[in-house]
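Q: Okay, handing you the structure first.
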Amino acid sequence: MTRHSKRLLLTAGIAGFALLLSACAPQSEAETAAAAPAEMAEPGDSIPEVDLHAGFSPYADELLAVAGIENGYFDEVGITISPEPNGEQVDLIAALTPLLNKQIEVGSGYPPAIVSQLDSVDNVVTFAISDVFYGYRILAPAGEYTTLAEAMEGGESYGEAVATVVEQLRGQPVILREGVVPTFYELILEKAGMTLDDLEVTYLANPDIVRAGFSGQADFTSPTGAAQITSMELDGWEPIIELRDVIDNEPSEATVSLRSTFSGYLTTTEYAADNYETLLRFTSVVYRLIDDLEADPEGTVERFRDYLNSYTGSEVSTEELASMFDGLYSMRNFEDASELYLDEGEPFYFDEVMGAQIDDLAETGVIGTGHTPDSLSIAGQVYRDLVQYREAADEALVDAPDGDLKSRAQEQYDHRNYLDAYRLAAAAAS
């Protein structure tokens, strides 16, 4: 493929991004989106510097970005995260307000949590997805209640075993996380002809769920933070049913919506339109950190473990934190991310999974009709543009003469910053 044809491909991709923003934004945002770049970034011998007001939610996978701050990865792509040292402490899963009122420009969050708010919030989008979270589960004091595994080992079918397990919750105090998407609970309760109305439900923040459980306020809890889940499971609680059980045993068509457990990074359509290249650079740091996790899990998590513990009030060890990224979190490196955005038919193909959740919530009247996955995410376009920048960088690096610019371009390339790998290499080649 020639450099000219690559330029046309990427130009089309970024132009498509502008149209996407226009489609999912209100009129004022659509007008802003029209200013999105219409062609590839210009070659250059330096990386622009920006100050990015960011906030990160109190969950291990979403605090991975703090390791990027500690390691200087954001600095290397021209991004200074403010306020120092590690951005704001905001929970975008509980509320999108910090983004909406411009307290922050970018934050970590949970894309499925946006879905139920699509009727009222139409300018918050996901721009990067780091992982799939397998955290949904019902916890109870170990040995005191029948688990799904025990019921199935006793000869019950999967459906019968689920009914046996959830029947134990009928009329009992159950603590769920505030703002949680109810799909998992509704699916398992249906096996016993139950709904959430058959439980005595209290909604609390994750740290409060742990305290309430340990103080005896309820025997059934469902925190969704990995630190809180790990803390409870290490201190005498066990899952009586969990998300993997359901995905492994239910027909695939029944769990499409349930597989919408993505974690990632959010911004507003206005910020995305005006600062798209910053989002590309930010996303490159996310993929670099995932590479680090694969190469050295304990060394990587140690960079933000103390901050996680101080933020969440937990006491997670390095080994425990690393184990979360080998079980509760299913990370997607740059190559594997194609399964989310490019490979239709893959279990976690974003458009299918999120489309199913949108349809489910529309069918039950939680949101109106007409919403699409494009309404809440530009992550697929960001990924496709990074792929095309990588291809353009491959060619530019071949053409570039040896020297400082080419070396710097190769370094950015090796660190997943394909945007500036292309820019620096193209500048060297010219």
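Those letters in the sequence shown? Residues -30 to -1, 1 to 400, per mature numbering (1 follows the signal peptide of the UniProt record, and there is no 0), in order.
In this text, a Cβ means the ideal position worked out from N, Cα and C, and glycines have one as well.
1) Restricting to Cα atoms, I'd like to know which of 247, 266, 174, 275 is closest to residue 359.
2) My parser needs the beta strand (DSSP E) runs of 3 or more residues fully inside the segment 197 to 279; what are they?
3) With distances taken between CB atoms, is the gap from residue 282 to residue 175 smaller than 8 Å?
4) Opposite residue 301 in the DSSP bridges: which residues?
5) With a 10 Å radius around its C-beta and 16 neighbouring C-beta atoms as the bar for buried, classify residue 209 as buried or exposed.
6) Can you find at least 3 beta carbon pairs, one from the segment 243 to 259 and one from the segment 45 to 62, that sit closer than 8 Å?
7) Do residue 62 and residue 78 have their C-beta atoms closer together than 8 Å?
8) Give me the Cα-Cα distance between residue 386 and residue 146, rounded to the nearest whole angstrom.
9) Quick check on the DSSP output: the beta strand (DSSP E) that includes residue 386 runs from which residue to which?
10) Whose C-alpha, out of 257, 184, 370, is nearest the C-alpha of residue 34?
11) In three-state terms, what does DSSP make of residue 331?
12) Taking C-beta to C-beta, are residue 191 and residue 290 nearer than 8 Å?
13) Taking only the alpha-carbon atoms, compute the straight-line gap between residue 304 and residue 356 and give it to the nearest angstrom.
14) Give the secondary structure of residue 337 by DSSP, where H, G and I count as helix, E and B as strand, and everything else as coil.
15) Closest to residue 92 by C-alpha separation, out of 110, 108, 70, would be which residue?
16) DSSP on residue 344, reduced to helix/strand/coil?
17) Give me the Cα-Cα distance between residue 43 and residue 381, rounded to the nearest whole angstrom.
A: Walking through what the data contain:
1) That would be 247, whose Cα lies nearest to the Cα of residue 359.
2) DSSP assignment within the segment 197 to 279 yields the following whole beta strand (DSSP E) runs of 3 residues or more, N-terminal first: 207 to 212, 232 to 238.
3) Taking 8 Å as the cut-off, the beta carbon of residue 282 is found no closer than this to the beta carbon of residue 175.
4) According to DSSP, residue 301 shares a beta bridge with 101.
5) So residue 209 counts as buried.
6) Yes, since at least three Cβ pairs between the segment 243 to 259 and the segment 45 to 62 fall closer than 8 Å, the two stretches touch.
7) Here residue 62 is near residue 78, since their CB atoms are less than 8 Å apart.
8) Between residue 386 and residue 146, the C-alpha separation is close to 38 Å.
9) Where residue 386 is concerned, there is no enclosing beta strand (DSSP E), given that its DSSP letter is neither H nor E.
10) Closest in alpha carbon position to residue 34, among 257, 184, 370, is 257.
11) The answer is helix: DSSP assigns residue 331 an H, G or I state.
12) With contacts defined by Cβ atoms closer than 8 Å, residue 191 and residue 290 do not form a contacting pair.
13) Distance from the CA of residue 304 to the CA of residue 356, rounded to the nearest whole angstrom, comes to 9 Å.
14) The three-state secondary structure of residue 337, taken from DSSP, is coil.
15) Residue 92 has its Cα closest to that of 70, out of 110, 108, 70.
16) Helix, per DSSP.
17) Distance between the alpha carbons of residue 43 and residue 381 is about 12 Å.
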